[in-house]
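Engineer: My structure is below; once you've seen it, I'll send some questions.
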Amino acid sequence: FLWKEEDIIGLLGVLIHNDTNSLEILHISVNPSHRYQGIGKKMVKALKEMYAEKEITPNENTAAFIEKCDFC
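By the count of the numbering used here, the sequence shown reaches residue 66 at its end, each step adding exactly one.
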């Protein structure tokens, strides 16, 4: 999942589990010059809206960030 404004500034690596109707966020990356601007939270929110029927779950590497997202 790529986040693009003028350039690609962020990405989420996801794994869709069709058998459990869930989507696991494996990686979160934001270009260093765009960090601390809420881009990561915007990406997670957009992903959640795109896959509203699926449960969004983090893995051990993304859990701390996802917990900060008050809308998840």
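Virtual Cβ for every residue (Gly too), placed ideally from N, Cα, C.
Remember, it's a predicted structure, so these values are computed and weren't measured experimentally.
Taking 8 Å as the threshold (C-beta atoms), are Val24 and Ile3 in contact?
Structural biologist: Yes, they are a contact pair.
Engineer: At 4 residues or longer, and completely inside the segment 5 to 34: list those alpha helix (DSSP H) runs for me, N to C.
Structural biologist: Runs of the alpha helix (DSSP H) inside the segment 5 to 34: none found.
Engineer: Would DSSP call Glu43 helix, strand or coil?
Structural biologist: Of the three classes helix, strand and coil, the one that applies to Glu43 here is helix, per DSSP.
Engineer: In whole angstroms, what is the alpha-carbon distance linking Thr56 and Met37?
Structural biologist: Whole-angstrom Cα-Cα distance: 13 Å.
Engineer: DSSP state of Lys(-2), grouped into three classes?
Structural biologist: Here Lys(-2) sits in strand by DSSP.
Engineer: For the segment 7 to 17 against the segment 28 to 35, are there 3 or more C-beta pairs whose distance is under 8 Å?
Structural biologist: Counting Cβ pairs under 8 Å, fewer than three are found: no touch.
Engineer: For the alpha helix (DSSP H) that contains Glu49, what are its first and last residues?
Structural biologist: Counting along the chain, Glu49 falls outside any alpha helix (DSSP H), though it belongs to the beta strand (DSSP E) covering Glu49 to Pro52.
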